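Please read the structure below before turning to the comments.
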Amino acid sequence: MLSRRLFLRMATRISTGLAVSKAMRGWGSAIAPLSIRLRDAGPLAHVPANFIGLGYEKSSVAVTGLLSVTNYRYAQLVRNLSTKGVLRIGGIVSDFSRYDPEGRSIAEPKNTVITRANLEQLAGFLKKTGWTAIWSLNFGQGTLVDALSEVKDVAAILGSRLEAIEIGNEVENYGNGAKPLRERPYLYETYRAEYDSWHDAITKAVPGLRFAAPDTASSVEWVEQMAENAKGEVQLLTIHYYRGRQQNGSAEQLTYPDANLKTKLERLARASQESNIPWRMCETNSFSGGGLPGVSDTMLGALWTLDYMLLLAQYGCAGVNMETGVNQLGFISSYSPIEDDGTGINTAGAPYYGMLAFSVAVTGASEVLPIDFDPQGTNVTIYVCGAGGKPRSVVVVNRDASQDAEISIAELDMGKVTAHRLLAPSADSKSGVTFGGSRVDADGRWMPKGSEHIHGAVVTVPRMTAVVIRSFAMETQRER
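The number in this note's numbering is simply the position in the sequence shown, starting from 1, with 39 added.
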């Protein structure tokens with residue numbers, strides 16, 4: 040883990056105003072302008088309208104007033120990100136939960152009870168926000184009889200807001216640990232036989248449902264096998280990813296790319312393309328175990344979140360569910376985009392602003408376009424999103440600790456452009472993070488403080504900040 044002193048050296052004080060260009064040049068030499076060129080090829084991927092998502096342990100549904108129409112702040116925070124997103128209800132808690140329609144709801148990590156009233160509350164929240172839900176069943180310790188009772192009510196109450204049913208959570212780990220949920224070794228073939236049995240019974244009881252599977256913790260192999268022999272029983276391939284574990288996490292891990300991630304994404308994209316089944320990163324965030332305090336919940340966490348979501352989109356991911364709220368250990372995760380003070384007050388955490396920046400970047404620009412650029416040895420990533428093959432937005436994430444970046448967009452021929460900057464007092468700031476010159480207010484609302492108009496073809500991006508550059512014509516298409 041990086042020392043506190045080294046992390047602070049990475050932290051760069053930056054201006055929070057819109058007139059930043061002149062101030063930037065006094066902070067040290069910027070690299071020569073990075074020129075972005077659009078490759079003569081079709082889009083790398085399309086970003087679905089419901090790409091943005093949030094992930095919850097199943098216990099969150101049992102909390103009265105949380106995912107509820109009465110929680111107007113929470114609903115507003117969700118709608119800021121998208122009007123067609125996806126909530127994923129599952130996590131490790133799903134294998135320690137049961138459904139009791141008329142019982143008393145309990146929101147405990149190892150003893151969660153979901154009631155019909157909880158489902159009705161969730162249905163109202165989904166209707167208010169416009170989102171849908173992936174619902175996970177207790178495949179680890181539950182019975183098929185209980186699952187059938189649960190899924191019938193879930194389907195009836197959520198209706199068209201039910202995106203898919205998951206049978207199990209991180210299933211390749213069922214044979215692992217001190218108290219395994221299955222006899223060792225638990226192989227894909229054994230899992231698949233069990234899955235087929237549950238799938239067939241559920242489909243017979245409630246025809247027309249969509250299913251998401253295999254929902255592995257990290258196994259790409261199981262996803263590839265499921266894609267190859269899905270037999271029409273799976274409509275969405277799912278897998279989880281965390282950059283690291285809390286026990287050995289570091290700021291450096293959110294500053295530099297995971298060397299193994301792109302290989303995984305290539306394999307997932309290939310499995311999806313060959314099977315014609317979309318894939319979704321349905322549980323993910325920075326560090327498993329609830330995140331790393333002082334890193335996950337900082338400006339650096341926001342920059343990592345923005346870059347990570349764009350990278351997934353570039354590889355054809357159908358969507359991402361960023362974990363938030365109470366985790367399987369019973370405390371609020373430090374990586375949470377939406378924070379909770381424990382008394383029912385929800386606010387935007389630092390990672391939320393990375394998600395917000397992603398949302399602005401892809402609104403009206405749902406294609407990820409292929410580009411060429413030379414980073415000149417700096418830790419800068421650039422993504423171009425467009426519509427009809429034409430660039431409409433550029434996202435620059437500068438996680439270089441020592442250098443500002445100058446970006447030339449001249450060859451993209453975007454006409455007049457505006458910029459929304461992702462800024463904070465320092466790289467390790469937990470508060471004071473802004474996007475578009477604004478913070479999310481006490482009611483959960485966000486509105487940029489006017490647009491920063493870019494004059495000329497070169498945009499300066501300070502170290503440890505990011506910017507979303509948009510075609511001026513696209514600004515009116517931003518949904519509120």
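The beta-carbon is built from N, C-alpha and C at its ideal position, and this holds for glycine as well. Remember, predicted model here, so these are calculated numbers, not experimental data.
With 16 other Cβ atoms within 10 Å as the buried cut-off, status of residue i
i, result
"R509", "buried"
"T182", "exposed"
"G67", "Because G67 sits at a pLDDT of 45, beneath the cut-off of 50, its placement in the model cannot be relied upon, and the point is left open."
"G65", "Per-residue confidence for G65 stands at a pLDDT of 36, beneath the threshold of 50, marking its modelled position as unreliable; the derived number appears in the next sentence. Exposed."
"L275", "buried"
"H85", "exposed"
"T382", "exposed"
"T499", "buried"
"E260", "exposed"
"A298", "exposed"
"A80", "exposed"
"A505", "buried"
"D379", "buried"
Integer Cβ distance of residue i from residue j, believed to fall under 8 Å
i, j, result
"V132", "T151", "5 Å"
"L165", "L197", "7 Å"
"D439", "T417", "5 Å"
"V210", "T277", "At roughly 10 Å, the Cβ-Cβ gap does not stay under 8 Å, so V210 and T277 are not in contact."
"R284", "G328", "6 Å"
"S373", "P332", "4 Å"
"Y230", "S257", "The Cβ separation is near 15 Å, so there is no contact."
C-beta contact flag for residue i and residue j at 8 Å
i, j, result
"R76", "E450", "yes"
"T344", "M320", "no"
"G388", "D336", "yes"
"V479", "Y391", "yes"
"N385", "I377", "yes"
"G130", "N208", "yes"
"A463", "G476", "no"
"A244", "V273", "no"
"V563", "A444", "Outside the displayed range of the chain (40 to 519) lies residue 563, so it cannot be described from this structure."
"V423", "I410", "yes"
"R223", "G214", "yes"
"A20", "W237", "Since the displayed the chain opens at 40 and closes at 519, residue 20 lies outside it and no answer follows."
"S121", "S441", "no"
"V262", "L307", "yes"
"E202", "A172", "yes"
"W318", "A269", "no"
"W170", "I204", "no"
"N437", "P501", "yes"
"G355", "S311", "yes"
Contacting residues, own chain, Cβ-Cβ under 7 Å from residue i (five flanking each side not counted)
i, result
"P414", "L73"
"F474", "Y392, L395, A396, H459 and L461"
"E159", "I196"
"W485", "N119, L395, S477 and V479"
"P87", "A357 and G358"
"T547", "No information on residue 547 is available, as it lies outside the stretch 40 to 519 that the chain covers here."
When the options are compared against residue i, the one with the closest alpha-carbon
i, options, result
"Q180", "D346, S99, I204 and K149", "K149"
"E313", "A266, A298, S289 and F90", "A266"
"A240", "M348, A156, N287 and I206", "I206"
"P82", "G393, N437, R431 and F135", "R431"
"L349", "T420, E260 and V472", "T420"
"G425", "A404, K243 and S441", "A404"
"H494", "E141, S447 and P501", "S447"
"F135", "A341, T171 and E96", "E96"
"G247", "D379, N119 and K191", "K191"
"N89", "R118, M453 and S375", "R118"
"G92", "V108, T168, T103 and A80", "T168"
"I316", "Q264, G340 and A505", "Q264"
"H492", "G454, G427 and V108", "G454"
"Y295", "E141, D380, S490 and Y347", "Y347"
"Q286", "N110, G428 and F326", "F326"
"A481", "T103, R249, N110 and R78", "N110"
"G330", "D452, V184, R221 and S375", "S375"
"R78", "G427, L408, A496 and D452", "L408"
Close beta carbons around residue i, own chain, < 6 Å, minus the five adjacent residues each side
i, result
"G94", "R127, E322, N360 and E362"
"R483", "A small correction: the amino acid at residue 483 is Gly; Arg does not occupy that position in the sequence shown. Cβ within range, chain order: R112, Q115 and L116."
"R309", "none"
"S144", "A101, V152, T154 and N157"
"A512", "none"
"G369", "P148"
Cutoff 8 Å; reference residue i; Cβ partners in own chain excluding five residues on either side
i, result
"A162", "I196, L197, G198 and R200"
"L351", "L304, M320 and V359"
"S99", "L105, L106, I128, A146, G364 and V365"
CB contact check: residue i to chain D, cutoff 8 Å
i, result
"A146", "Protein chain content of the structure displayed is limited to a single chain, and chain D is not contained in it."
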